[in-house]
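Enquirer: Quick one: structure below, then a few questions.
In the working numbering, the protein residues as written are -4 to 289.
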């Protein structure tokens, strides 16, 4: 079966450290991998990019087509994406710009790549400008030698992400956006980061419930009451997470006050859960090598 045009570019990109020939030779190109909004499968596309205002930007132009490209619909459902830039590979949170900021960034993009202005002229939809926000690296990366270290690493990420969402939410309220007469909503900045946090939390707790907790129950039967309590906390935190995700399902129409209240509740429940889990499990997990040894 002949290779698709996009797949040929992807393979050439990966084989040559991010360099490709043909119509894209010399251009600024990256590979963006999103998770399918419906299928849940990974999809990779080559995209041109522009750097402006310290941001890594891609435009959902679809060459001026009347509908948004599928990769854009995917990142609205699953904001965590994988970016391949040259030989570098990293995860990012994809955040569409809004309002005057979107217009300013689009003008900056067009100054670098005028073709996007032509695409905009051929469609009635405003072409989305998406910032690929890389997670900030820790000042001092932690060495992970055992499962306790890995648990602390994940918990640190969860705490940081939740703190980030709360700070953005408070900034949204402080800006007066809730009281200025606009329709209720939260904006993409809060929405995308909160969904990224919720996806990370789901992945972590699913892994614990399916693998780590059952293994600990077999090897350390004395921990079973603790593990049952932790499982119950997972379910309670999961209910709050589900309410947050439901509030964010309608883009731009979430009730800010209700979202804020659920976020405060999530912070209290999750912090209590993480503190309890660390106090009870870290001594045992410190004796389990990570990555696992054969």
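By construction, the Cβ of each residue, glycine as well, lies at the ideal position given by its N, Cα and C atoms. The structure displayed is predicted, hence computed values, not measured ones.
Within its chain, find whatever has a CB closer than 6 Å to the CB of residue 221; leave out the 5 residues flanking it on each side and keep chain order.
Expert: Cβ within range, chain order: 275.
Enquirer: Can you find the residues in the same chain that come closer than 7 Å, C-beta to C-beta, to residue 183, ignoring five residues on each side of it along the sequence?
Expert: Closer than 7 Å at the Cβ level, and outside the excluded window around residue 183, lie 90, 91 and 93.
Enquirer: Going by beta carbon distance, what residues of the same chain come within less than 8 Å of residue 232, once the five residues before and after it are set aside?
Expert: If we look at residue 232 and ignore the five residues flanking it on each side, its Cβ neighbours are 196, 200, 261, 264, 265 and 268.
Enquirer: If residue 87 sits next to residue 128, beta carbons under 8 Å apart, how far is it from one beta carbon to the other, in whole angstroms?
Expert: That belief holds up - the Cβ atoms of residue 87 and residue 128 are roughly 6 Å apart, short of 8 Å.
Enquirer: Please classify residue 275: does DSSP put it in a helix, a strand, or coil?
Expert: Residue state, collapsed to three classes: helix.
Enquirer: So what does DSSP say about residue 245, is it helix, strand or coil?
Expert: It is coil, neither helix nor strand.
Enquirer: Suppose the cutoff is 8 Å on Cβ atoms and the five residues either side in sequence are ignored; what does the same chain contact list for residue 253 look like?
Expert: So the list reads 242, once near-sequence residues are dropped.
Enquirer: Going straight from the alpha carbon of residue 121 to that of residue 29, what length do you get?
Expert: Approximately 21 Å, taken between the alpha carbons.
Enquirer: Please report the distance separating the alpha-carbon of residue 10 from that of residue 4.
Expert: Each residue's alpha carbon lies about 10 Å from the other.
Enquirer: Starting from the C-beta of residue 115, find all residues in its chain whose C-beta is less than 6 Å away, skip the five residues before and the five after it, and write them out in chain order.
Expert: The residues are 122.
Enquirer: Between which two residues does the beta strand (DSSP E) holding residue 85 run?
Expert: Unbroken beta strand (DSSP E) run through residue 85: 83 to 91.
Enquirer: Could you please give me the residues that DSSP links to residue 126 through a beta bridge?
Expert: Answer by DSSP bridge pairing, in chain order: 52 and 90.
Enquirer: Within 8 Å, do at least three Cβ pairs link the segment 147 to 166 to the segment 106 to 114?
Expert: With a cut-off of 8 Å, the segment 147 to 166 and the segment 106 to 114 do not count as touching, because too few Cβ pairs lie within range.
Enquirer: Which residue marks the beginning of the alpha helix (DSSP H) containing residue 43, and which one marks its end?
Expert: Run containing residue 43: none in the alpha helix (DSSP H); it sits in the beta strand (DSSP E), 37 to 43.
Enquirer: Give the DSSP bridge partners of residue 284, in chain order.
Expert: Note: residue 284 sits in a beta bridge opposite 141.
Enquirer: Which residue spans inside the segment 174 to 242 form an unbroken alpha helix (DSSP H) run of at least 4?
Expert: Listed in chain order, they are 183 to 202, 208 to 214 and 219 to 242.
Enquirer: Assuming residue 81 and residue 12 are in contact, meaning their beta carbons sit under 8 Å apart, how far apart are those beta carbons, in whole angstroms?
Expert: Sure, about 6 Å apart at Cβ, within 8 Å.
Enquirer: In whole angstroms, what separates the C-alpha of residue 39 from that of residue 27?
Expert: Each residue's Cα considered, the two are about 5 Å apart.
Enquirer: I need the DSSP call for residue 102, collapsed to helix, strand or coil.
Expert: Residue 102 falls in the helix class under three-state DSSP.
Enquirer: Just checking my contact of residue 187 with residue 74 at CB under 8 Å: how many whole Å lie between their CB atoms?
Expert: Residue 187 to residue 74, Cβ: 4 Å. Contact.
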